[in-house]
Amino acid sequence: MNPQNIIKLSAEQRFAEELTMLSEHDHAPKPQGWLRSPRAVRQFILGDEKLAISRKFYGDDALVDRAIVTLLGKQGLMLVGEPGTAKSMLSELLAAAISGDSGLTIQGTAGTTEDHLKYSWNYALLLAEGPNEKSLVASPVYQAMQHGKIIRFEEITRCPPEIQDVLVSLMSEKTMMIPELGNQGRVYAKAGFNIIATANLRDRGVHEMSSALKRRFNFETVRPIADPVFERELVLTQLKRELGDLSDQIQMSESVVDLLVTVFQELRQGTTKDGTSIKTPDAVMSTAEAVNIAYAAALEGYYLGDQSLSGSAIARQLIGVVLKDNADDAKRMRFYMDNVARERAKQDVTWKAFFDAGKTFWQ
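Set out below in structure tokens:
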């Protein structure tokens, strides 16, 4: 299989060279079941210039340290926050660095069943041979316990309470029972097994976690990036990564990225750089959405424009993000365009292109 034809490789595939480099230089103590030391895991996520390891998570470095320490112990790690704050990315990076496998994942939905968390059966083999290891279909949790790896549980609060509660005994006892296999039907978690779960703060009311399950996790809140310099660097890095070879053929002005990050920071925080109060939209103004806009605008410029990332393309792509949740967001954007973008357009050509292209969208 040609990796160039794959839309998205796993973290361990994308950063295989960096992980190999870290392993070669990793002389710190490794916990049982971990492929790399906690120090190397930190270097992988936060970067190391001496080893040419790229920074992959921008924001609260101390949060990364606490997450690593949590996974060293018996508690699971729960990452909560607004949508688009890189919770899933952080869980993927942690699993890749610790276990070398970020693909053991359960996506929480209203349709998630106990089989998804434990095991099911290949019914053709079950009828032919009866219950045995060959006819058993192991879940990601089963595989993680069996091999001592990290299991990722995305959007855990979207699962019904009775499914969430299946985790309570698994996390407490670190054992999974398979009654159909009789005396041999017991799987013990090997060293290195742990769970990283994620939950969006906006979905907290879907299915609140029980107190028993909450006690099995240490909670860490992943917050939006407050530093515009950090966010700008992240948007540029992610944009070039998404574009691949096209990034060398598209003119990407830093002033356009600055405009994009400024718009998102101000709409997210409810105040402009000069202190003007504005109403925040209900739409998620996350860094991930900013990257999506930059990517779409860059593709528009390459295929339909002058092969540049422009302020006008940013304005055109912004409507698809803001008008998702609430029609009143159009009024809030109209206020922003009329009272903020208009004034900046008088002094800056990038803002003028943004204002001229976007003002008609919010009438």
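Just so we're aligned, residue 1 is where the sequence shown starts under UniProt numbering, counting upward by one.
The beta carbon of each residue, even a glycine, is placed where N, CA and C say it ideally should be.
The model shown is predicted, which means the values in this text are computed figures rather than measured ones.
For R186, the enclosing beta strand (DSSP E) starts and ends at R186 to Y188. Taking C-alpha positions only, F57 is separated from Y188 by approximately 33 Å. Nearest in C-alpha terms to Y119, of all of A191, G76 and P179, is P179. For secondary structure counted as the beta strand (DSSP E) over 3 or more consecutive residues, the segment 201-277 holds these complete runs in sequence order: 217-221.
Take the alpha-carbon of I293 and the one of E254: they are about 15 Å apart. Residues V284, S286, T287, A288 and E289 of the same chain have their beta carbon placed closer than 7 Å to that of G84, with the five preceding and five following residues left out of the count. In the structure shown, L79 adopts extended strand secondary structure according to DSSP, grouped into three states. Close CB contacts of S308 within its chain, under the 6 Å cut and outside five residues either way in sequence, are with Q251 and G301 (chain order). Annotation: Q307 is outside any alpha helix (DSSP H) and is labelled neither H nor E by DSSP. Going by beta carbons, V64 and R39 fall outside the 8 Å limit. Taken through DSSP and simplified to helix, strand or coil, E154 comes out as strand.
As the crow flies, the alpha-carbon of K30 is around 13 Å from that of V69. Under the Cβ criterion (8 Å, minimum of three pairs), the segment 270-283 counts as touching the segment 318-333. Scanning its chain for C-beta atoms nearer than 7 Å, with the 5 sequence neighbours on each side dropped, one finds no residue around K331. Contact annotation, E208 with Y295: C-beta distance approximately 35 Å; criterion of less than 8 Å not satisfied.
By the Cβ-count criterion, T272 is buried, with 16 or more other Cβ atoms from all chains shown falling within 10 Å of its own Cβ.
For Q107, the enclosing beta strand (DSSP E) stretches over residues T105 to Q107.
Two segments are said to touch when three or more pairs of C-beta atoms, one from each, lie closer than 8 Å; by this definition the segment 160-176 touches the segment 113-131.
Per DSSP, M21 is one residue of the alpha helix (DSSP H) stretching across A16 to H25. Per the C-alpha coordinates, the member of S247, T360 and H27 positioned closest to Y303 is S247. Within the same chain, and ignoring the five residues on either side of K352 in sequence, the residues whose Cβ sits closer than 7 Å to its Cβ are A345.
A direct Cα-to-Cα measurement between V166 and M177 gives close to 12 Å. In the three-state reduction of the DSSP assignment, D65 falls in the helix class, which pools H, G and I.
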